[in-house]
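Student: What follows is a structure written as structure tokens; I'll ask about it next.
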Amino acid sequence: MSKSDDSGRLRALFDLTDVPSVVYADGPDFVERGRRKASGNYLRKEIILALAKRANSDGTNAYPSINTLVEATQKARSSVQLAISDLERLGFLTIHSKQGARVRTDHGFGRTNLYDLNLSLILERHRELKSKSRGAFDSANGDGPIYPTRSPDFDMRDRPIVAEGSPDFDRRSPDPVGHNRPYDRPSIPPKKEPTGVASNTTAISSSLPLEQSEGQERTHRMVHGLAKTGLGEAKAVAMELAYVSNNTVAFTDREKRRIGTLLSEGYTQDEIVSAFRIFLEGKDKDNLKDMGFAARNFVETADQLVYTARRKKQERAEEQARVDAGRQRFLEEGQRGMEEHQRRRAAEEAQVEEVLSAD
Numbered sequence: 012m013s014k015s016d017d018s019g020r021l022r023a024l025f026d027l028t029d030v031p032s033v034v035y036a037d038g039p040d041f042v043e044r045g046r047r048k049a050s051g052n053y054l055r056k057e058i059i060l061a062l063a064k065r066a067n068s069d070g071t072n073a074y075p076s077i078n079t080l081v082e083a084t085q086k087a088r089s090s091v092q093l094a095i096s097d098l099e100r101l102g103f104l105t106i107h108s109k110q111g112a113r114v115r116t117d118h119g120f121g122r123t124n125l126y127d128l129n130l131s132l133i134l135e136r137h138r139e140l141k142s143k144s145r146g147a148f149d150s151a152n153g154d155g156p157i158y159p160t161r162s163p164d165f166d167m168r169d170r171p172i173v174a175e176g177s178p179d180f181d182r183r184s185p186d187p188v189g190h191n192r193p194y195d196r197p198s199i200p201p202k203k204e205p206t207g208v209a210s211n212t213t214a215i216s217s218s219l220p221l222e223q224s225e226g227q228e229r230t231h232r233m234v235h236g237l238a239k240t241g242l243g244e245a246k247a248v249a250m251e252l253a254y255v256s257n258n259t260v261a262f263t264d265r266e267k268r269r270i271g272t273l274l275s276e277g278y279t280q281d282e283i284v285s286a287f288r289i290f291l292e293g294k295d296k297d298n299l300k301d302m303g304f305a306a307r308n309f310v311e312t313a314d315q316l317v318y319t320a321r322r323k324k325q326e327r328a329e330e331q332a333r334v335d336a337g338r339q340r341f342l343e344e345g346q347r348g349m350e351e352h353q354r355r356r357a358a359e360e361a362q363v364e365e366v367l368s369a370d
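For what it's worth, our numbering labels the leading residue of the sequence shown as 12, then goes sequentially.
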């Protein structure tokens, strides 16, 4: 994966790429063995970053499909599934089966899994490993990296070398953020972080190191901005809009932020979806793939389209009210006519009874 700004907020926030995936020791033979073992660690790390890119600012509500993760990591589908299972077993994420997005499959439609990252555990492991990795460098004389005989982060002598995807994978798995220190999952599941936006951003800021670099501070401000615009909710709205367009209109992060602004201004998801349906009226959905400006044009005119949708909704409500009022008048007139008919019939029967009594 590249180190661009869109590589995931977890990479930017926690600086995961600063610590090497493996520290080699004891010559070429150990280097080759380290490479074999590090591949599984690297895949888990890439999966965490791919999920963080698609999650809320607190690491929750990520719902990419397996195909999306395969494309993001460029690994085999079976390897990705095994790595996800290991991450769940180690407590680094929680899987909510079939509670994610509705997607098209070869057999119709289905739902992806929903993933919640355990940011507190990831941060704890990363800070510990990063602080220990600094011991591998001699900053006093500038001699560069020193490779100790037994690395504090990575020691394979105590563990068998198992290739990625092996069914006999060691239950004490390497740390998924890019190191090979054995880690046992705690017997008690990690406590889930609160889902409130304000409390989550506070928790993230308090867990960062005190000596933050300029880039970390800039990222910290970005997280607060995302919390204010509700980008997580905007992603859900953008996914619904894509479904309405038969997955032919895609929305960039810039357009999702605009959707988040609309939500913060009081527009509801139903109103935005109704506005998008109005936007698609008269357009050939099969040709929307060639309209690269479709999403941008929609978000730029969304407020006007929402106003139109509200007006149409009000007109429909007024028309329905008129229909209901007419139906009620019809029922009331029918009731009055029936009562009048019964009154006249009773009067006629009384007259007949009176004539018969006189005779």
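The beta-carbon is built from N, C-alpha and C at its ideal position, and this holds for glycine as well. Predicted model only: the values in this text are computed from it and were never measured.
Tell me the DSSP bridge mates of Tyr126?
Tutor: Looking at the DSSP assignment, Tyr126 forms a beta bridge with Ala73 and Ile106.
Student: Please state whether DSSP places Gly121 in a helix, a strand or coil.
Tutor: In this structure, Gly121 counts as strand in the three-state DSSP scheme.
Student: Kindly indicate the opening and closing residues of the alpha helix (DSSP H) around Ser96.
Tutor: Element bounds for Ser96: Arg88 to Leu101.
Student: Is Leu291 closer than 9 Å to Ala245 when the C-beta atoms are compared?
Tutor: Going by C-beta atoms, Ala245 is not nearer than 9 Å to Leu291.
Student: State whether the stretch 83-99 contacts the stretch 262-269, with contact taken as three or more CB pairs (one from each stretch) at a distance under 8 Å.
Tutor: These segments do not touch.
Student: Could you have a look at Val334 and say whether DSSP puts it in helix, strand or coil?
Tutor: DSSP places Val334 in helix when its eight states are reduced to three.
Student: Looking at Leu80: is its Cβ nearer than 9 Å to the Cβ of Gly70?
Tutor: Against a cut-off of 9 Å, the Cβ pair of Gly70 and Leu80 comes out as no contact.
Student: Let me know the secondary structure DSSP gives Thr79 once reduced to three states.
Tutor: Thr79: helix per DSSP, three-state reduction.
Student: Look at the alpha carbon of Gly348 and the alpha carbon of Lys324, and state the distance between them as a whole number of angstroms.
Tutor: Cα-Cα distance, rounded: 36 Å.
Student: Express the C-alpha separation of Val317 and Ile95 in angstroms, rounding to a whole number.
Tutor: Spanning the two alpha carbons is a distance of roughly 41 Å.
Student: For the candidate residues Asn72, Glu329, Thr272 and Arg55, whose alpha-carbon lies nearest to that of Tyr126?
Tutor: Nearest C-alpha to Tyr126: Asn72.
Student: Which of the three DSSP states is assigned to Ala247 in this structure?
Tutor: DSSP places Ala247 in helix when its eight states are reduced to three.
Student: Could you tell me whether any non-hydrogen atom of the ligand MN is closer than 8 Å to the CB of Arg268?
Tutor: Of ligands this structure carries none, so the ligand MN is not represented either.
Student: With a Cβ-Cβ cutoff of 9 Å, do Ile133 and Ile59 count as a contact?
Tutor: Yes, Cβ-Cβ distance for Ile133 and Ile59 is below 9 Å.
Student: Apart from the five residues on each side of it in sequence, which residues of its chain come closer than 6 Å, Cβ to Cβ, to Thr105?
Tutor: For Thr105, where only same-chain residues beyond five positions count, the Cβ hits under 6 Å are Asp127.
Student: Between the beta-carbon of Arg65 and the beta-carbon of Tyr74, is there less than 9 Å?
Tutor: Yes.
Student: As a quick exercise: from Ala320, Ala247, Glu99 and Asn124, pick the residue whose alpha carbon is nearest that of Gln110.
Tutor: The residue with the shortest Cα to Cα distance from Gln110 is Asn124.
Student: Taking DSSP as the reference, what is the three-state secondary structure of Arg136?
Tutor: In the structure shown, Arg136 sits in a helix (DSSP, three-state: H, G or I).
Student: What residue range is occupied by the uninterrupted alpha helix (DSSP H) comprising Phe309?
Tutor: It spans Ala305 to Glu311 - the alpha helix (DSSP H) in which Phe309 sits, taken as one unbroken run.
Student: Answer yes or no: do Pro250 and Ala83 have a C-beta to C-beta separation smaller than 9 Å?
Tutor: The question names Pro, but residue 250 in the sequence shown is Met. No.
Student: Please tell me whether Ile289 and Leu252 are closer than 9 Å, where the distance is taken between their beta carbons.
Tutor: Taking 9 Å as the Cβ cut-off, Ile289 and Leu252 do not qualify as a contacting pair.
Student: Alpha carbons only, please: which of Ala357, Phe287 and Arg136 is nearest the one belonging to Ala320?
Tutor: Minimum Cα distance to Ala320 is reached at Phe287.
Student: Among Ala336, Phe103 and Ser368, which residue has its Cα nearest to the Cα of Glu135?
Tutor: The residue with the shortest Cα to Cα distance from Glu135 is Phe103.
Student: Find the nearest neighbour of Thr272 within the set Glu311, Ala261, Gln339 and Ala357, judged by alpha-carbon distance.
Tutor: Cα-wise, what sits closest to Thr272 is Glu311.
Student: Just mark Arg55 as buried or exposed, buried being the case when its beta carbon has 16 or more other beta carbons within 10 Å.
Tutor: Arg55 is buried by the Cβ-count criterion.
Student: Exposed or buried, Ala209, counting other C-beta atoms within 10 Å across all chains shown (16 or more means buried)?
Tutor: Its pLDDT being 44, under 50, Ala209 is placed unreliably in this model, and the coordinates cannot settle the point.
Student: If Ala305 and Val260 are in contact, beta carbons under 8 Å, what's the gap, nearest whole angstrom?
Tutor: About 5 Å separates the two Cβ atoms, so the contact holds.
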